[in-house]
Structure formats: C-alpha cells, structure tokens
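Here's the structure we're looking at; comments come further down.
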Amino acid sequence: MKNRINQKLAEDKRLLSIYFTAGYPSLHDTVKVIKDLEKSGVDMIEIGLPFSDPLADGPTIQESSTAALKNGMTTALLFEQLKDIRKSVNIPLIIMGYFNPMMQYGIEEFCAKCKEIGIDGLIIPDLPVAEYHEHYQETFEKYGLINVFLITPQTSDERIRCIDEVSNGFIYMVSSASTTGAKNTFGSEQQQYFERIEALQLKNPQIVGFGISNKETFLQATKTSKGAIIGSAFIKHLTHNGVDSIEDFVMTIR
Amino acid sequence: MSYQVNEKGYYGDFGGAYIPEMLYPNVEELRTTYLDIMNDPSFKEEFNQLLRDYVGRPSPLYFAKRLSEKYNTKVYLKREDLNHTGAHKVNNTIGQILVAKRLGKNRIIAETGAGQHGVATATVCALMGIECIVYMGEIDIKRQAPNVARMKMLGAEVRPAKSGSKTLKDATNEAIRDWINNPVDTHYIIGSAIGPHPYPDMVTRFQSIISEEIKWQLKEKEGREHPDYVVACIGGGSNAAGTYYHFLDEPSVGIIAVEAAGKGVNSGESAATSQLGKEGIIHGCKTLLMQTPDGQITEPYSISAGLDYPGVGPLHSHLYKTGRGEFYSVTDDDAMTAGLELSQLEGIIPAIETSHALAIFNDKTFKPDDIVVIGLSGRGDKDLNTYIDYFKL
Numbered sequence: 001m002k003n004r005i006n007q008k009l010a011e012d013k014r015l016l017s018i019y020f021t022a023g024y025p026s027l028h029d030t031v032k033v034i035k036d037l038e039k040s041g042v043d044m045i046e047i048g049l050p051f052s053d054p055l056a057d058g059p060t061i062q063e064s065s066t067a068a069l070k071n072g073m074t075t076a077l078l079f080e081q082l083k084d085i086r087k088s089v090n091i092p093l094i095i096m097g098y099f100n101p102m103m104q105y106g107i108e109e110f111c112a113k114c115k116e117i118g119i120d121g122l123i124i125p126d127l128p129v130a131e132y133h134e135h136y137q138e139t140f141e142k143y144g145l146i147n148v149f150l151i152t153p154q155t156s157d158e159r160i161r162c163i164d165e166v167s168n169g170f171i172y173m174v175s176s177a178s179t180t181g182a183k184n185t186f187g188s189e190q191q192q193y194f195e196r197i198e199a200l201q202l203k204n205p206q207i208v209g210f211g212i213s214n215k216e217t218f219l220q221a222t223k224t225s226k227g228a229i230i231g232s233a234f235i236k237h238l239t240h241n242g243v244d245s246i247e248d249f250v251m252t253i254r
Numbered sequence: 255m256s257y258q259v260n261e262k263g264y265y266g267d268f269g270g271a272y273i274p275e276m277l278y279p280n281v282e283e284l285r286t287t288y289l290d291i292m293n294d295p296s297f298k299e300e301f302n303q304l305l306r307d308y309v310g311r312p313s314p315l316y317f318a319k320r321l322s323e324k325y326n327t328k329v330y331l332k333r334e335d336l337n338h339t340g341a342h343k344v345n346n347t348i349g350q351i352l353v354a355k356r357l358g359k360n361r362i363i364a365e366t367g368a369g370q371h372g373v374a375t376a377t378v379c380a381l382m383g384i385e386c387i388v389y390m391g392e393i394d395i396k397r398q399a400p401n402v403a404r405m406k407m408l409g410a411e412v413r414p415a416k417s418g419s420k421t422l423k424d425a426t427n428e429a430i431r432d433w434i435n436n437p438v439d440t441h442y443i444i445g446s447a448i449g450p451h452p453y454p455d456m457v458t459r460f461q462s463i464i465s466e467e468i469k470w471q472l473k474e475k476e477g478r479e480h481p482d483y484v485v486a487c488i489g490g491g492s493n494a495a496g497t498y499y500h501f502l503d504e505p506s507v508g509i510i511a512v513e514a515a516g517k518g519v520n521s522g523e524s525a526a527t528s529q530l531g532k533e534g535i536i537h538g539c540k541t542l543l544m545q546t547p548d549g550q551i552t553e554p555y556s557i558s559a560g561l562d563y564p565g566v567g568p569l570h571s572h573l574y575k576t577g578r579g580e581f582y583s584v585t586d587d588d589a590m591t592a593g594l595e596l597s598q599l600e601g602i603i604p605a606i607e608t609s610h611a612l613a614i615f616n617d618k619t620f621k622p623d624d625i626v627v628i629g630l631s632g633r634g635d636k637d638l639n640t641y642i643d644y645f646k647l
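Protein chains in written order, with the numbering used here: chain A, 1 to 254; chain B, 255 to 647.
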C-alpha cells in the first residue's frame, strides 16, 4: 500500500496540516483532537511527542509540551492512546518529536510501533540528514515510515538538493530563521525564499511551516508550495477555547 | 584508542551534532573554519598575548606543602583561580571572541548557570567592544545577584530564561533559540566542553593551555613532564578537559574526574552524571545525561551551581566508557569540608566546584611519592554566601 502521505500529496489541492502537542490541554485529549481535526477537513496532522527541552520551538509549543509532560504524557502512553486510531481516522498522521525520547524507547521498537498503529511519517528536528542516512534510514524504511526534513532560508541550494535526494515524502520548509511561532506575517524576504525554492524544481513537494497563523499567511505560503502547517496558533486556540471548538479554528483558515 | 575527536565529530560513541536544520549553517561555518582560524599564526599570537597580558598566564603550578603532608603524597595545585575573572572560564571566552571576530560576527550570546561563564563572556565582549547578551535561568538570577551585577557593569544584557526549570539547561535552550533567530551576525560562546561538534573540541583546545603549562612547569619543579595523576571536577567538563588534554595519550598519567554527588548519588538530588546518566542527546551532542526512562531530561542538583548540569561533555563520556578516566562523586558535605580545609591549610579559598576535586583524598589514597596535580579551577569569592550559610560563619 502506498503511504498515506504520498497519496495525500498526489491530490490536486493545497494541503492544510495542523500540529498539536499530544496530551494537551488534557492528558486524554489526543484522540479527540485528531478526530475533530479530520472532521473539520484538515488534510494531515502532526502529533507532537512532548520533550522537556524542545530547542527548535518557541514559547507556545514549549509551554504546551511542559504542560503535557506534567499531565503525565509519555511515549508509551501516546502509543496506547493511538492504538485504535486507524479504525476511525484516514488522513496521514505524522509524529513530530525530538530524538532523545525516541532513542530511549529504542529506534527499532519506536518505528515498529508506528507501523503497527498506522503512523505514516516522522519529523525529528534534531536528527540531522547525515546521521539519518548513515544509521537510521534503513530502519525507517523497513517500517514504511517517511522521514521529513527541514530546510530554512539559510540552507544552501546544494544542501537542499541533498535533502531532496534523501527525502521520499515532502520537505518541511521553515518559513524564516526562527523558532516556531515567532512571526506573524511574511515579508519580501520570505517571498524571495519561497520563489527560490520553487525555482529549484525539487522532486519532493514542499510544505511550509513556522509562522503560519491565519488565512493570510496560509494563502501566502501556499502560493508557491503544496501546503502549510499551523502549530503555535492552533495550540493557542486550544489553550483559550479548549477542545470543543476545533472546527471553528479550522474554518478561519479554510 | 584515540581520545581526539574524529572527523565526524565523535569521541568513540559520543559527540556529533544533533541540531535542528536552522542551526546547521552556523555550526557548519564554525566546523569548517575553527581549526584553520586557531592554527593561524596571527590568531595564536593574539590569543597568547591576551592570555599573558590580560588573563595573567601562565597560572602558577603551586606545590601545596601542608596539604601534601596531611595526605602523605605530593600535591600540586594548578592555579586557574588566579586568572582574571577568577576561573578557567576566561581561557575559552578569549579564544572564542577572537574566533567570532575572524568570522565577522558583531553580536555575542552566551548561557550561564552560576554566572562565571557569563562574566567571562561579558568581560571579553567589553574588551573587544562587541554587543553581549547572556541568558541565565530566572532562578539563577536570583541566586547569583553579584555576578548579574558584574555582567551588567561590564555592559552585557542579562536575559532571564523563564522556560522549563529556569536554570542552566533552560538558559542554554534560550541561547540556542536566540541563535536560531539570529543566524547571520551572532556567535554563540558555549561555556563548557559540550554542545554540537565542533564546540567540545574547540573549547577543549582553548582550555588545553592548562595541561600545556602543567607539563613544562612540572618539568622545572620535578624534572619530569608527567604527573602520576591529574584530578579535576566535572560539570560540563571544560576545566577537566583542559587539565587532562596533553596527558590523554600518556598512559602513565592517571585521569581522575570528580562529579558532584549532591546529597548522595542515590538521593534523587545529585549531579553525578556518569553514575546516573544514560546515553542520549542533550544540547546537540550524544553523551551521558540524566533523564527519565522516557527520555525527558531531568534537573540535577548540587550545592555548586557550576556542576549542576544534567549532561557531561562527550570527551568525558568516552573517558568513562573506555575506563581511561577514573570517576568519583563527592557529596555537598564532603566538598564543603574540603574547601574549608584548603582555606586553612594553604590560605586559598576555592570555588565550591573546585572543592569537589579537593575532596578526592576521602576516596582515594595516593602513594607518598605520587605526584598529584589538582585543577584549582576557580576562586571562592563568588561562593562566600554559600560557605557562610553552610558553616554559619
């Protein structure tokens, strides 16, 4: 069977992907959030595996991670919560998290569990391309997992081509030199970057993340890319409104 | 067995650069240039001149007569406490500010726990007229008011790290985030032999002046370059790395590392990383670190703010795993007692970090003709309040 991510990427539309932190706002909200996001028409979901020291994230995601850990979230519990998710949810599901908790679970065991549950891919910001390629690619592929790499405005064309070569799903385009949630609008610098990447004609489609917070930034980002990921803005919505109005949030973007 | 970093940035199983892509250009720029910069004759000249005229090097290698008599062995103290700013930290900040200048950076960031590295960084930034921002945990800012004032006097901005546990590891996270948000004009001066490659190696090389001097100083005093043992305290491990460096490949020299056991290794309040840690990833490198079974980094404890880091530099993890280093851990109580003892036997009030190394005599007996060099990494002025509270002075 073709990976759900590849199937989704083949659809003729701009994709809306949403990130949220597992176990937030309450420990057992994980499954409800996923189901409601799918019902609201979201195309893909990044499930954040919380980490104590999330270097690439801004304050919003860090605080949600700290809260989720305080709630009692663990890797094993996340897998337990997700064990029946494929009975009701069909859109691609990606786990996004830092490498240390995965290492401690055991990389092989982690990947096997992802396959068993029906996770389609992983985003691991602190696992560099070279390490992945040398030590982990074989294992990820054995379990049918797509690993997604990040690029930034500072990434050289040469390195982007190398990342494109190793990737087999999409490339996560970080919108600006920043941690998550740091920007509210895109300026000419971002536009130039979006256009530069478009001109590279990469084999993998790109999805833009970091700094997508509303309809305006979503439309701007998807002018030249396949889709966009919203994280911090959705977490803020959950913080202020709880889990009962997820559809309202998605409606403001679409 | 090699104790040098390999071309991929590893010491055996430890090291590497586990960094988000946002940091890749900065770290890569440093990785591809640091050795050329450091080996450039004009760099060496400027570095050595500043170490001599500004820091006050060479630091003395002092034969501690009364301490030697008490423990019936020959103890030398490498007096890094006599450096400008009061500790070994400045060797590294001088080196890195010169690297930053050659890379054309005009903004410096740093993390600090107790404030010693922050002060050493603020000092060299003042010296070079470069903007300086120091991240410090909100809790540490309250605990270390004099060092906060020093940094401010030196013209640095001290930014509180309010995330997580609000201490050193969170200050490090905030500094890394700052670097992600300012990728072009900023250099991050990491204060210990930790972080993504090439930091552990670069910091170790800047600190290696310590063991370089020990060799010729000991030759002058004892007619031989190699002591029987070198002893140092380890938090992240920059002072230890510098104290060991030139002896790593000399098997006749015993390498002794002293970690902070806090209230006892198994008390739940400890920073003895080699005993309690497991292999994992912290701040961009694979090393031993204290963590939950689920891989969340835990908060260490030590009475010494400079040793309560949940990880240890990758070189030291390698020394531990290969058995090249002998690792000990010393409790708060034993360290404080050893600090008081040195004060009264030799008239030297050591930093509490250093006091841990001095407590080695509780755990290990040396032979009468052994030459034991202890890295006296810092002076105790900054710790006076802790000593006062502890001993009710």
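Even glycine gets a Cβ: it sits at the ideal position worked out from N, Cα and C.
Being a predicted model, the structure only gives us computed values, none of them experimental.
Every unbroken beta strand (DSSP E) within the region 419–467 of chain B, with a cutoff of 3 residues, ordered by chain: 440–443
Length of the line joining the Cα atoms of N493(B) and I510(B): Working through the second sequence from its first residue, we reach residue 493(B) at position 239. Working through the second sequence from its first residue, we reach residue 510(B) at position 256. Going by the C-alpha atoms only, they are around 12 Å apart.
When the cut-off is 7 Å and only beta carbons count, does G263(B) lie next to chain A? Within the second sequence, residue 263(B) is the residue found at index 9, counting from 1. No, its Cβ sits nowhere closer than 7 Å to a Cβ of chain A.
By the three-class DSSP mapping on this structure, what secondary structure does Q545(B) have? What you label residue 545(B) is simply residue 291 of the second sequence in a count that begins at 1. In this structure, Q545(B) counts as strand in the three-state DSSP scheme.
Please report the distance separating the alpha-carbon of V402(B) from that of R86(A). As a position in the second sequence, residue 402(B) is number 148, starting the count at 1. As a position in the first sequence, residue 86(A) is number 86, starting the count at 1. Each residue's Cα considered, the two are about 54 Å apart.
Please classify Y389(B): does DSSP put it in a helix, a strand, or coil? On the second sequence, position 135 is the one that residue 389(B) refers to. Y389(B) falls in the strand class under three-state DSSP.
Using 7 Å as the threshold, is the C-beta distance between E479(B) and K469(B) below it? As a working mapping, residue 479(B) is identified with position 225 in the second sequence. As a working mapping, residue 469(B) is identified with position 215 in the second sequence. For E479(B) and K469(B), yes; Cβs fall inside 7 Å.
How long is the line joining the alpha carbons of V507(B) and V484(B), rounded to whole angstroms? Here residue 507(B) refers to the residue found at position 253 when the second sequence is read from its first residue. Here residue 484(B) refers to the residue found at position 230 when the second sequence is read from its first residue. Distance between the alpha carbons of V507(B) and V484(B): 7 Å.
Which residues of chain A have a Cβ atom closer than 7 Å to the Cβ of M276(B), listed in chain order? On the second sequence, residue 276(B) is found 22 positions in, with the first residue counted as 1. Going along chain A in sequence order, the residues near M276(B) (Cβ under 7 Å) are A56, T152, V174, A177.
I'd like the ranges of any alpha helix (DSSP H) spanning at least 4 consecutive residues and lying wholly in the region 282–311 of chain B. 295–304
Where DSSP assigns a beta bridge to Q529(B), which residues make up the other side? As a first step, residue 529(B) is located in the second sequence; it is residue number 275 there, counting from the start. Bridge partners of Q529(B): none, in fact.
Taking a Cβ distance cut-off of 8 Å, strictly less, list which residues of the region 110–125 of chain A are near chain B, in chain order. P125
Buried or exposed: where does M407(B) fall if 16 or more other Cβ atoms within 10 Å of its Cβ makes it buried? Position 153 of the second sequence, counted from the first residue, corresponds to residue 407(B). M407(B) should be labelled exposed.
Around the C-beta of V438(B), are 16 or more other C-beta atoms found within 10 angstroms, so that it is buried, or is it exposed? For the purposes of this step, residue 438(B) is taken as the residue at position 184 of the second sequence. When all chains shown are included, V438(B) counts as exposed.
Near-chain B residues of the region 187–200 of chain A (beta-carbon distance less than 9 Å), N- to C-terminal order: none
So, with DSSP's three-state summary, where would you put I488(B)? Translated into positions along the second sequence, residue 488(B) becomes position 234. Coil at I488(B), not helix or strand.
Output the boundary residues of the alpha helix (DSSP H) element that contains Q370(B). As a working mapping, residue 370(B) is identified with position 116 in the second sequence. Where Q370(B) is concerned, the enclosing alpha helix (DSSP H) stretches over 370–382.
Who are the Cβ neighbours of Q350(B) in its own chain at under 6 Å, not counting the five residues just before and after it? Within the second sequence, numbered from 1, the residue matching residue 350(B) stands at position 96. Counting only Cβ-Cβ distances below 6 Å, and skipping sequence neighbours, we find I443.
Whole runs of the alpha helix (DSSP H) within the region 487–521 of chain B, excluding any shorter than 4 residues: 492–498
Would you identify the three-state DSSP class for P50(A), choosing helix, strand or coil? On the first sequence, position 50 is the one that residue 50(A) refers to. The answer is coil: DSSP assigns P50(A) none of H, G, I, E or B.
Look at the alpha carbon of D617(B) and the alpha carbon of D588(B), and state the distance between them as a whole number of angstroms. The residue given as residue 617(B) occupies position 363 in the second sequence. The residue given as residue 588(B) occupies position 334 in the second sequence. Using only the alpha carbons, I get a separation of about 10 Å.
Along the beta strand (DSSP E) that carries P414(B), what are the first and last residues, could you check? On the second sequence, residue 414(B) is found 160 positions in, with the first residue counted as 1. Run containing P414(B): 411–415, per the beta strand (DSSP E) assignment.
Using the beta-carbon count (16 or more within 10 Å), is R578(B) buried or exposed? Start at 1 with the first residue of the second sequence, and residue 578(B) comes out as number 324. Flag for R578(B) reads buried.
Short check: CB of S176(A) to CB of G211(A), under 7 Å? The residue you call residue 176(A) lines up with position 176 of the first sequence. The residue you call residue 211(A) lines up with position 211 of the first sequence. For S176(A) and G211(A), yes; Cβs fall inside 7 Å.
Can you name the residues of chain A whose CB is closer than 7 Å to the CB of K423(B)? Your numbering for residue 423(B) matches position 169 in the second sequence. Simply D53.
Selected residue, minimal CA-CA separation from S167(A), among F149(A), R159(A), Q191(A): Residue mapping note: residue 167(A) aligns to position 167 of the first sequence, counting from 1. The option with the nearest alpha carbon to S167(A) is F149(A).
Below 8 Å, how does it come out for the region 457–472 of chain B and the region 496–503 of chain B: are there three or more Cβ pairs, yes or no? yes
Within the region 172–222 of chain A, note down every full beta strand (DSSP E) run reaching 3 residues or more, in order along the chain. 206–209
Near-chain E residues of the region 424–450 of chain B - C-beta to any C-beta below 7 Å: In the structure shown, chain E does not exist; the protein chains are A and B.
Per the contact definition of three or more C-beta pairs closer than 8 Å, is the region 551–570 of chain B in contact with the region 132–148 of chain A? no
Return the first residue and the last residue of the beta strand (DSSP E) that V148(A) is part of. Counting from one through the first sequence, the residue named residue 148(A) turns up at place 148. 146–148 is the extent of the beta strand (DSSP E) around V148(A).
Taking 7 Å as the threshold (beta carbon to beta carbon), is D548(B) in contact with chain A? On the second sequence, position 294 is the one that residue 548(B) refers to. Closer than 7 Å: yes.
With a threshold of 7 Å between beta carbons, is N100(A) in contact with chain B? If you number the first sequence from 1, residue 100(A) lands on position 100. N100(A) counts as touching chain B.
Own chain residues within Cβ distance below 7 Å of Q545(B), not counting five before or after: Sequence index remark: in the second sequence, residue 545(B) carries index 291 (1-based). Cβ within range, chain order: K532, G534, I551, T552.
DSSP bridge partner residues for T366(B) (one or two, in chain order): Translated into positions along the second sequence, residue 366(B) becomes position 112. According to DSSP, T366(B) bridges with M390(B).
Any Cβ of chain B within less than 7 Å of the Cβ of T239(A)? Looking up residue 239(A) in the first sequence gives position 239. Answer no: the Cβ-Cβ gap between T239(A) and chain B never drops below 7 Å.
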